[in-house]
Structures are given as structure tokens and as C-alpha cells.
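Structure record follows, encoded as C-alpha cells.
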Amino acid sequence: GQNIDQPTEMTATEGAIVQINCTYQTSGFNGLFWYQQHAGEAPTFLSYNVLDGLEEKGRFSSFLSRSKGYSYLLLKELQMKDSASYLCAAEMNGDYKLSFGAGTTVTVRA
Amino acid sequence: AAGVIQSPRHLIKEKRETATLKCYPIPRHDTVYWYQQGPGQDPQFLISFYEKMQSDKGSIPDRFSAQQFSDYHSELNMSSLELGDSALYFCASSPRDRDSYEQYFGPGTRLTVT
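Below is the structure:
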């Protein structure tokens, strides 16, 4: 695999902010995806970063540092429906398959 | 908007039986990927096809085979099923045009081997 590491679980309160970190192997790296997956459902696309920096999309933002092999997904103004697994996935040069991390289960509490 | 279609949605098979999973990509998507997701695990890449040719191969067992047809739909054939094959099987599609890089996932087929 691509040695993708992300925390297993995170818990936060409704309305709060949570940051999910992801580290990956930089050799051959092309781009970094974040997907949201509710239990038993298909992963749904959240963001794609190929350049360094922050990409903001509504309540969700994603950051990438290519030199550090590091990304994070920032979830703001948390809602109950944000309770899900968040998958970090690396895309490597030369192919388009995704190597997924184990996922971070986020639980939002009232 | 049209999404990726997978059939069947649920499948129950016994050990040593065979199964065929089907995937219909989004129209004008020429690339199809198959992933296997075991309980509590992340999706694992199995195999992908571009323009009806195998483009990449991951952790797909020799008991499995797949192909992409002229209408771009794909089938995953699984033989000599084992209990460990019980999983969610996702198909994803994308256009090869890199201006649209997102892989769109289908709803998955839940395979249970008893």
C-alpha cells in the first residue's frame, strides 16, 4: 500500500470544527482524495488536492502539503448528518486507482 | 443525473459457488474500477479497465476475473467462493479526461458467502 495513516475515530459536538489528518508515502504521489462514507453506502467524493494549499468547499476544506506527505480535511459547523467515515485516498503517478486509508469514523454529538 | 449502476445489490452464495457482479458506468465514462470492502475495512482496489482493456491490477485473487464490454459495462466473475469473499463490492467509473478526475462510486453489491 501507500502507508496511508489517519486516526481511527474522532468525536465532536454539533456546530464544532473537526480536523482529520492524513499522512501518506510521498514517492510516486500524484493527488489526494477525501471521500465520505456512511455505513453500508458507497463512498461519496468530497475533495481532490494535487497542489499545495487549502481548497475550500462550503463547510468542508482540504489541505495538502506535498513535501510533508500530509493532508487534512476540515469539517466546520458540524451537523448530525456529518457522522460518517472519512476516507483519505492517494492517487499515484501513472495509474488512477485509489489507495485508501482505513478511514476515520467521526461521531457528531448533540 | 445518471449514476453508476451495480447489480445485484445483494447476493447470497454458498462456498465453492460462482457469482457474477455487474457494473454500468456513468454514460461517457470509459474507465471502470472494482473495489472490495470487507467489514470495518477500507476499500481495496481489485482491477480497472480503460477502453475495454485491463489498465491496472490490484489485490484480485486468481479465482476472480473481470472484463469490460463494448458498451463499457463491466462484469466481475468470482469462482470457488470462500467465506472471506463476503464483502461489499464497489464499482467506480471516471472519464479518462483528467479535467474530470473524480471516481464516482456505485451503490455496491453486498456479497454474503455462507
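Those sequence lines, one after another, are chains A and B.
For the first sequence, our numbering gives the first residue as 1, with consecutive numbering after it.
For the second sequence, our numbering gives the first residue as 1001, with consecutive numbering after it.
Even for Gly, the Cβ is constructed at its ideal location relative to N, Cα and C.
Less than 7 Å separating the Cβ of Gln1068 (chain B) from some heavy atom of the ligand GDP?
Ligands in the displayed structure: none, and consequently the ligand GDP is not present.
Excluding five sequence neighbours on each side, which residues of the same chain lie with their C-beta closer than 7 Å to the C-beta of Glu1102 (chain B)?
Start at 1 with the first residue of the second sequence, and residue 1102 (chain B) comes out as number 102. Residues Ser1094 of the same chain have their beta carbon placed closer than 7 Å to that of Glu1102 (chain B), with the five preceding and five following residues left out of the count.
Backbone secondary structure at Lys81 (chain A) - three-state DSSP:
For the purposes of this step, residue 81 (chain A) is taken as residue 81 along the first sequence, with counting starting at 1. The answer is helix: DSSP assigns Lys81 (chain A) an H, G or I state.
Excluding five sequence neighbours on each side, which residues of the same chain lie with their C-beta closer than 8 Å to the C-beta of Met80 (chain A)?
Indexing the first sequence from 1 puts residue 80 (chain A) at position 80. Correct list, in chain order: Glu14, Val108 and Ala110.
Ends of the beta strand (DSSP E) at Arg1110 (chain B)?
By one-based count along the second sequence, residue 1110 (chain B) stands at place 110. Its beta strand (DSSP E) spans residues Thr1109 to Val1113.
When you compare only the Cα positions, how much space is there between Leu1021 (chain B) and Pro43 (chain A)?
Mapped onto the second sequence, residue 1021 (chain B) falls at position 21. Mapped onto the first sequence, residue 43 (chain A) falls at position 43. For Leu1021 (chain B) and Pro43 (chain A), the distance between alpha carbons rounds to 18 Å.
Counting pairs of beta carbons, one from the stretch 1006-1015 of chain B and one from the stretch 49-63 of chain A, are three or more of them closer than 8 Å?
With the cut-off at 8 Å, the stretch 1006-1015 of chain B and the stretch 49-63 of chain A do not touch.
Pick out whichever of B:Lys1015, B:Gly1108 and B:Phe1049 has its Cα sitting closest to the Cα of Leu1071 (chain B).
As a first step, residue 1071 (chain B) is located in the second sequence; it is residue number 71 there, counting from the start. Correcting the residue type first, residue 1071 (chain B) is Asp in the shown sequence and not Leu. Ranking B:Lys1015, B:Gly1108 and B:Phe1049 by Cα distance to Asp1071 (chain B) puts B:Phe1049 first.
Please go through the same chain and pick out, in chain order, the residues whose beta-carbon is closer than 7 Å to the beta-carbon of Pro1027 (chain B), but skip the five residues on each side of it.
Indexing the second sequence from 1 puts residue 1027 (chain B) at position 27. Counting only residues of its own chain and dropping the five nearest sequence neighbours on each side, Pro1027 (chain B) has a CB closer than 7 Å to the CB of Ala1002.
Does the stretch 17-28 of chain A come close enough to the stretch 1059-1075 of chain B to have 3 or more Cβ pairs within less than 8 Å?
The count of Cβ pairs closer than 8 Å, one atom from the stretch 17-28 of chain A and one from the stretch 1059-1075 of chain B, stays below three, leaving the stretches out of contact.
In its own chain, which residues sit with a C-beta less than 6 Å from the C-beta of Arg1016 (chain B), not counting the 5 before and 5 after it?
As a position in the second sequence, residue 1016 (chain B) is number 16, starting the count at 1. Around Arg1016 (chain B): Ser1080.
Pop quiz: Ile20 (chain A) and Gln37 (chain A) are said to be a contact at Cβ under 8 Å. What is the actual Cβ separation, rounded to whole angstroms?
What you label residue 20 (chain A) is simply residue 20 of the first sequence in a count that begins at 1. What you label residue 37 (chain A) is simply residue 37 of the first sequence in a count that begins at 1. Contact between Ile20 (chain A) and Gln37 (chain A) is absent: CB atoms are separated by about 13 Å, not below the 8 Å threshold.
Verify the CB distance criterion: does Gln1036 (chain B) have a CB-CB separation below 8 Å to chain A?
For the purposes of this step, residue 1036 (chain B) is taken as residue 36 along the second sequence, with counting starting at 1. Chain A contact via Cβ: absent.
Less than 8 Å between the CB atoms is what I'm expecting for Gly1106 (chain B) and Ala1092 (chain B), so what's the real figure, rounded?
The residue given as residue 1106 (chain B) occupies position 106 in the second sequence. The residue given as residue 1092 (chain B) occupies position 92 in the second sequence. Confirmed, Cβ separation roughly 7 Å.
Minimum C-alpha distance to Phe1069 (chain B) - residue among B:Thr1018, B:Glu1051, B:Pro1043 and B:Tyr1033:
Taking the second sequence and counting its residues from 1, one reaches residue 1069 (chain B) at position 69. Looking at the Cα atoms, B:Glu1051 is the closest of the given residues.
Is there a Cβ from chain A that is less than 8 Å from the Cβ of Tyr1033 (chain B)?
To locate residue 1033 (chain B), count along the second sequence from 1; it is residue 33. Nearest CB-CB separation between Tyr1033 (chain B) and chain A: below the 8 Å threshold.
What beta strand (DSSP E) runs, 3 residues minimum, are completely inside the stretch 1018-1047 of chain B?
Uninterrupted beta strand (DSSP E) stretches at least 3 residues long and entirely within the stretch 1018-1047 of chain B occur at 1019-1024 and 1031-1037, given in chain order.
Three-state secondary structure (DSSP) of Asp1085 (chain B)
By 1-based counting over the second sequence, the position of residue 1085 (chain B) is 85. It is helical.
Gln1103 (chain B) by DSSP, collapsed to three states: which one?
Counted from its first residue, the second sequence places residue 1103 (chain B) at position 103. Assigned with DSSP and collapsed to three states, Gln1103 (chain B) falls in coil, not helix or strand.
Does Pro1043 (chain B) get closer than 8 Å to chain A when you measure Cβ to Cβ?
The residue given as residue 1043 (chain B) occupies position 43 in the second sequence. Yes, Pro1043 (chain B) counts as interfacial toward chain A.
Closest Cα partner of Thr11 (chain A) within the set A:Phe63, A:Ala39 and A:Asp82
If you number the first sequence from 1, residue 11 (chain A) lands on position 11. For the residues A:Phe63, A:Ala39 and A:Asp82, the minimum Cα distance to Thr11 (chain A) belongs to A:Asp82.
Where the beta strand (DSSP E) containing Val50 (chain A) begins and where it ends:
The residue given as residue 50 (chain A) occupies position 50 in the first sequence. First-last for Val50 (chain A): undefined, no H or E at that position.
Report buried or exposed for Ala39 (chain A), applying the criterion of at least 16 other Cβ atoms within 10 angstroms of its Cβ.
For the purposes of this step, residue 39 (chain A) is taken as residue 39 along the first sequence, with counting starting at 1. With fewer than 16 other Cβ atoms within 10 Å, it is exposed.
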